[in-house]
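Participant: Before I ask anything, let me first share the structure, which is written out below as structure tokens.
Following this line, the structure appears as structure tokens:
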């Protein structure tokens, strides 16, 4: 049997998930804690490689344990050796055929924007910021064009290594919560910087710089150069990963809407 872990982290201090020499990253931090706890090296596979400054409420990793430990120990024991910015939230046994990456059928991200004339230092690194008034209704109308299967070249980073730019978006929701605007995207998979590039163009629509039709034209153009710049990393959260063939994992409920960390705003 393999072990799956649910991981949460504040990505502000990390150069992304993936291991890289001489740069702080979540994978090395987690695997170092696993090694200290288990006294043997442990390699992990994750559901999605988040970028520099991106957070996760529901990252999933799996590994093949070389030592026998109770599931509760994989949570409390490993957390003893993790910094405050990273935590194991749960542990479950899964079949050896399970892969946190390849067994996933959906991933859900949320992007949170503080829409206020003046920035707040209390949300620094946790949300994006737009000081101009932003119309979330127009943003939702534009976002509707993303639903279904499309070529997302216009929202793909130039360094993206995916073999195909085609992805299927199952849900896109724009919602205002006080001074915050939340954007949720649920898809079979995402391209490099895809969410942040979409958010940047939706903000252009919301602030009136561009029209709803412009957003549709950008999507259909399959040309990254005509879309808006990539939006800041700090407001992006991996909030859900779906595994239909692994019912023993916690229920798939990717949402921060009703329990946002930022409700005070």
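Numbering (this note's numbering), first residue to last: 847 to 1111.
In this text, a Cβ means the ideal position worked out from N, Cα and C, and glycines have one as well.
Please read these numbers as outputs of a predicted model, since none were measured by experiment.
1. Residue 1062 lies in the alpha helix (DSSP H); which residues open and close that run?
2. For residue 974, which of helix, strand or coil comes out of DSSP?
3. Would the beta-carbon of residue 890 fall within 9 Å of that of residue 880?
4. Run through the DSSP bridge pairs and tell me what residue 917 is partnered with.
5. How many angstroms separate the CA atom of residue 1028 from the CA atom of residue 932?
6. Between residue 1104 and the rest of its own chain, which residues show a CB-CB distance below 6 Å, the 5 nearest in sequence each way excluded?
7. With burial defined as no fewer than 16 other Cβ atoms inside 10 Å of the residue's Cβ, what is the status of residue 1124: buried or exposed?
8. Looking at the secondary structure, which residues open and close the beta strand (DSSP E) in which residue 1028 lies?
9. Pick helix, strand or coil for residue 948, following the three-state DSSP scheme.
10. What are the boundary residues of the beta strand (DSSP E) that residue 877 is part of?
11. Locate the beta strand (DSSP E) running through residue 987, then write down its first and last residues.
12. Keeping to the same chain, check which residues put their C-beta closer than 6 Å to that of residue 1017; ignore five residues upstream and five downstream.
13. Could you give the residue range of the beta strand (DSSP E) that holds residue 1044?
14. Determine the extent of the beta strand (DSSP E) in which residue 1083 is found, giving its start and end residues.
15. Nearest by alpha-carbon distance to residue 995: which of 851, 1010, 929 and 1045 is it?
16. What does the alpha-carbon distance come out to for the pair residue 991 and residue 906?
Facilitator: Looking at the coordinates:
1. Segment 1058–1067, the alpha helix (DSSP H) holding residue 1062.
2. Here residue 974 sits in strand by DSSP.
3. Contact flag set, yes.
4. Bridge partners of residue 917: none, in fact.
5. In a straight line, the C-alpha of residue 1028 is about 23 Å away from that of residue 932.
6. Note that residue 1104 scores 44 on pLDDT, short of 50, meaning its location in the model is unreliable; the coordinates nonetheless yield the value given after this. Result list for residue 1104: empty, nothing under 6 Å.
7. Because the chain here runs from 847 to 1111, residue 1124 falls outside it and cannot be looked at.
8. 1026–1033 is the extent of the beta strand (DSSP E) around residue 1028.
9. Here residue 948 sits in coil by DSSP.
10. If you look at residue 877, you'll find it isn't in any beta strand (DSSP E); it sits in the alpha helix (DSSP H) that goes 872–884.
11. For residue 987, there is no enclosing beta strand (DSSP E); the enclosing alpha helix (DSSP H) covers residues 982–989.
12. Annotation for residue 1017: 1032 place their beta carbon closer than 6 Å to its own, counting only its chain and skipping 5 residues before and after.
13. Counting along the chain, no beta strand (DSSP E) covers residue 1044; the unbroken alpha helix (DSSP H) around it starts and ends at 1040–1052.
14. Counting along the chain, the unbroken beta strand (DSSP E) around residue 1083 starts and ends at 1082–1088.
15. With respect to the C-alpha of residue 995, the residue from 851, 1010, 929 and 1045 having the closest C-alpha is 1010.
16. If you take the alpha carbons of residue 991 and residue 906, they lie about 29 Å apart.
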